[in-house]
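Numbering (the numbering used here), first residue to last: 872 to 1124. Glycine included, each C-beta is placed from N, C-alpha and C at the ideal position. Following: one structure in structure tokens, then a few remarks.
Here it is in structure tokens:
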């Protein structure tokens, strides 16, 4: 009874609006390589290719990306539209994977720091590329080694526009090989926020949420207990008034 009351109090106090989270479960993968898109779906113990189609001509061909060549069959297109938003992964040759070494304190602000170093690590500036980084290892000297992935912004935007024309909206953009797991290793659009979040920041957020929840439970329990006592007192007062209703007649007698 207390739990139900407390949840109702929370619903009335806060307006919960769940936001879109980055995909953490295996998703349908659209693997793009030199104009060809291979469609992979998760299977028990791995992944399986369920179809392929041309989204653009090969880079050796003349023409401006993206030019539809051999579009997906109606059956494959309907299948993609029924699935939740897929993951678009570009082959390694369409981007760049490099390593960099940073001070240990840079772990929480990787994206912001790499935005200033991107033009020295890759051929692109932050305005010309989408990029992300992951922690590779912590070195004995206190520095950290990170793996940086970057792709040309213009290429990805053209591919996304072409997929949008087909009615396909991708969830994230990744860079790598078409191998399991079918989850994004890099979040090139930066939807995880600056730095991608470190384990220390996630732990601190978890502890803060636990402390807030504990405080809310204690406060809710105290409020509920006081309401119970008040209700008991009101019932006792009502019963006393009923018992003293004939006091005047008794005094007259």
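Using a threshold of 7 Å, state whether the C-beta atoms of residue 1017 and residue 957 are closer than that. Contact: no.
For residue 951, count neighbouring C-beta atoms within 10 Å of its own C-beta (all shown protein chains included) and say buried if the count is 16 or more, exposed if not. The residue is buried, with at least 16 neighbouring Cβ atoms inside 10 Å.
Just how far apart, CA to CA, sit residue 1122 and residue 1115? Their backbone Cα atoms lie some 11 Å apart in a straight line.
Give the DSSP-derived three-state secondary structure of residue 1039 in the structure shown. Residue 1039: coil per DSSP, three-state reduction.
Simplified DSSP state of residue 944, which is helix, strand or coil: Secondary structure of residue 944 (DSSP, three-state): coil.
Is residue 935 buried or exposed, if buried means 16 or more other CB atoms sit within 10 Å of its CB? In this predicted model, residue 935 has a pLDDT of only 48, less than 50, meaning its place in the structure is not dependable; the value taken from the coordinates is given anyway. Exposed.
Would you kindly check if the distance between the Cβ of residue 1020 and the Cβ of residue 981 is under 7 Å? Taking 7 Å as the cut-off, the beta carbon of residue 981 is found no closer than this to the beta carbon of residue 1020.
Around the Cβ of residue 1015, are there at least 16 other Cβ atoms within 10 angstroms (buried) or fewer (exposed)? The residue is buried, with at least 16 neighbouring Cβ atoms inside 10 Å.
For residue 969, tell me which candidate among 1004, 1075 and 1024 has the shortest Cα-Cα distance. Of 1004, 1075 and 1024, the residue nearest in Cα terms is 1004.
Taking residue 988 as the reference, give the member of 971, 978 and 979 with the closest Cα. Residue 988 has its Cα closest to that of 971, out of 971, 978 and 979.
Which residue wins for smallest C-alpha separation from residue 1010, given the options 1083, 1060, 943 and 975? Of the candidates 1083, 1060, 943 and 975, 975 places its Cα closest to the Cα of residue 1010.
So what's residue 1001 in DSSP terms, helix, strand or just coil? DSSP, read as helix, strand or coil, puts residue 1001 in strand.
If you run the structure through DSSP and keep just helix, strand and coil, what is residue 1104? In the structure shown, residue 1104 adopts helical secondary structure according to DSSP, grouped into three states.
DSSP state of residue 1020 mapped onto helix, strand, coil: Three-state DSSP puts residue 1020 in a strand.
Any idea if residue 1104 is buried or exposed, counting beta-carbon neighbours within 10 angstroms, 16 or more meaning buried? By the neighbour-count rule (16 or more Cβ atoms within 10 Å), residue 1104 is not buried but exposed.
From residue 1043 to residue 960, what does the alpha carbon distance come to, in whole angstroms? Distance from the CA of residue 1043 to the CA of residue 960, rounded to the nearest whole angstrom, comes to 8 Å.
Do residue 925 and residue 948 count as a contact pair if the criterion is CB distance below 7 Å? No.
Residue nearest to residue 996 in terms of C-alpha spacing, selected from 1030, 977, 1076 and 1023: It is 1023.
Since residue 1195 is in the alpha helix (DSSP H), which residue starts that stretch and which ends it? What the structure shows of the chain is the stretch from 872 to 1124, and residue 1195 is not part of that stretch, so it cannot be assessed.
Proximity below 7 Å, CB of residue 1053 to CB of residue 875: Contact flag unset, no.
Classify residue 873 as helix, strand or coil using the three-state DSSP reduction. DSSP, read as helix, strand or coil, puts residue 873 in helix.
Taking residue 915 as the reference, give the member of 898, 904 and 1095 with the closest Cα. When only C-alpha atoms are compared, the closest one is 898.
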